Amino acid sequence: MPQPDIEAIAEQVFAALADPSRRAILAALASGGPATATDLAGQLPITRQAVAKHLALLTEAGLVTAEPGERRRVRYRLSSAPMRVAQQFLAALARDWDGQLDALKDHLDQHAGKSED
Amino acid sequence: MTFPDRIERTVEIAHPPARVWAALTTAEGLSAWFGKDAKIDLRPGGSASMRWDSGDTAEMRVERVEEPMVFGFTWHIYGLSGDDPRRTYVEFTLEPAGAGTRLTMVESGFAQLSEDAYRTAYDGNTQGWASELGELVDYLDAAA
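Here the protein sequences line up with chains G and W, keeping their order.
When we follow the working numbering, the leftmost residue of the first sequence carries the number 4, and every step to the right adds one.
When we follow the working numbering, the leftmost residue of the second sequence carries the number 404, and every step to the right adds one.
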């Protein structure tokens, strides 16, 4: 049963990850922790304006949250809940039931010769 | 995009249900095709576990035992942390088909939402809804 809300969350995560600049910003926040737009522009080959634009979009989508930092600069923090929703989607794709059920059949076929005579 | 909530497979197996049942519900059977070092306490509420060479482990809770027709368990959603309450439900149904077995596997619950995800979806403007829906999801999870 598809639920529009979970769909919308997953779609926002995958849309964010489809863009290389946004992927780089999310990766920097994941590995380095909360950072300001200026910090991120210093680390990444992206202009300060472009970083600010992407951060606004990511905040709107709920993928990062803005919080007050030192000297009243806004720091951005990765928001993990939408990422976990996307992981649920990926978990369904990564479940290898075809391989598992083939292994079950093989096991029963191999075992048959030994025990049925 | 459609969020997949369930995975369903039906396979024809050239062995009778009793043999398939043993492969699904005994430590020896599970260890032979599914994971290694399987352990299982075969009763509703009983626990079961397996591990793989990759280092992954599975902790299952047995939910349905209707020999030799229905075997169901829940386990964690792969990739989520071990203390995450969300679990998927896996149910095997065995039907005699000639001399063999028609085995149906359904794994469901991938699209369930946790309370924190609802909070994100509604982002504060409907605080009441978030907690109500969270309680509903918790209730459904507990009943699954």
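Note that beta-carbon positions come from the ideal geometry of N, C-alpha and C, so glycine has one too.
Only a predicted model underlies this, so the values are computations on that prediction, with no experimental measurement involved.
With a cut-off of 9 angstroms, does the C-beta of residue i fall near any C-beta of chain B?
| i | result |
| --- | --- |
| Thr428 of chain W | Among the chains of the structure shown, chain B does not appear; the protein chains present are G and W. |
Given a threshold of 16 other Cβ atoms within 10 Å of its Cβ, counted over all protein chains shown, does residue i qualify as buried or as exposed?
| i | result |
| --- | --- |
| Ala421 of chain W | exposed |
| Thr504 of chain W | buried |
| Phe92 of chain G | buried |
| Phe476 of chain W | buried |
| Arg74 of chain G | exposed |
Can you tell me the Cβ-Cβ gap for residue i and residue j, rounded? I've got them flagged as a contact below 8 angstroms.
| i | j | result |
| --- | --- | --- |
| Trp478 of chain W | Arg467 of chain W | Their Cβ separation, rounded to whole angstroms, is 14 angstroms, which puts Trp478 of chain W and Arg467 of chain W out of contact at 8 angstroms. |
| Gly449 of chain W | Val465 of chain W | 4 angstroms |
| Val88 of chain G | Ile9 of chain G | 6 angstroms |
| Trp357 of chain W | Ala106 of chain G | Nothing in the structure corresponds to residue 357 of chain W, since chain W is present only between 404 and 547. |
Does DSSP put residue i in a helix, a strand or coil?
| i | result |
| --- | --- |
| Trp478 of chain W | strand |
| Gly35 of chain G | helix |
| Leu483 of chain W | coil |
| Ile9 of chain G | helix |
| Glu470 of chain W | coil |
| Arg75 of chain G | helix |
| Ser511 of chain W | strand |
| Leu66 of chain G | coil |
| Asp105 of chain G | helix |
| Ile49 of chain G | coil |
Could you pull out every residue in the same chain whose Cβ sits closer than 8 angstroms to the Cβ of residue i, ignoring the five residues on either side in sequence?
| i | result |
| --- | --- |
| Pro71 of chain G | Val77 and Arg78 |
| Leu594 of chain W | With chain W covering only 404 through 547, there is no way to say anything about residue 594 of chain W. |
| Glu470 of chain W | Trp424 and Thr428 |
Take residue i and list the residues in its own chain whose beta-carbon comes closer than 6 angstroms to its own, dropping the five residues that flank it on each side.
| i | result |
| --- | --- |
| Thr62 of chain G | Ala69 |
| Ser118 of chain G | Caution is warranted here: a pLDDT of 49 is assigned to Ser118 of chain G, below 50, making its placement in the model unreliable, and the coordinate value is therefore given only provisionally. Result list for Ser118 of chain G: empty, nothing under 6 angstroms. |
| Ala514 of chain W | Phe406 and Asp408 |
| Met463 of chain W | Ala451, Phe476 and Trp478 |
Spatial neighbours of residue i within its chain, please: C-beta separation below 7 angstroms, excluding the five flanking residues on both sides.
| i | result |
| --- | --- |
| Leu445 of chain W | Thr428, Val465 and Val468 |
At a CB distance below 8 angstroms, what residues from the region 90-103 of chain G approach chain W? Give them in sequence order. If the cut-off is 8 angstroms between Cβ atoms, the region 90-103 of chain G has Gln90, Gln91, Phe92, Leu93, Ala94, Ala95, Leu96, Ala97, Arg98, Trp100, Asp101 and Gln103 near chain W.
In the region 34-64 of chain G, which residues sit with their C-beta less than 7 angstroms from some C-beta in chain W, listed in chain order? When CB distances to chain W are screened at a threshold of 7 angstroms, not a single residue of the region 34-64 of chain G falls below it.
Which residues, in order along the region 469-490 of chain W, keep a beta-carbon less than 9 angstroms from a beta-carbon of chain G? Answer set for the region 469-490 of chain W: Ile480, Tyr481, Gly482, Leu483, Ser484, Asp487 and Arg489.
Selection of the region 9-30 of chain G by Cβ proximity to chain W, strictly under 9 angstroms: Result list: Ile9, Glu10, Ala11, Ile12, Ala13, Glu14 and Phe17.
Below 8 angstroms between beta carbons is the criterion; list the residues of the region 404-426 of chain W that meet it against any residue of chain G, in chain order. Along the region 404-426 of chain W, going in chain order, the ones with a CB nearer than 8 angstroms to a CB of chain G are Met404, Thr405, Phe406, Pro407, Asp408, Ile410, Arg412, Val414, Ile416, Ala417, His418, Arg422, Val423 and Ala426.
Listed from N- to C-terminal order along the chain, which residues in the region 428-447 of chain W have their beta-carbon within a distance smaller than 7 angstroms of any beta-carbon of chain G? From the region 428-447 of chain W, only Ala435, Trp436 and Phe437 have a Cβ closer than 7 angstroms to chain G.
Closer than 7 angstroms, Cβ to any Cβ of chain G: which residues of the region 497-513 of chain W, in chain order? Only those residues of the region 497-513 of chain W whose C-beta falls short of 7 angstroms from the nearest C-beta of chain G are listed: Met508, Glu510 and Phe513.
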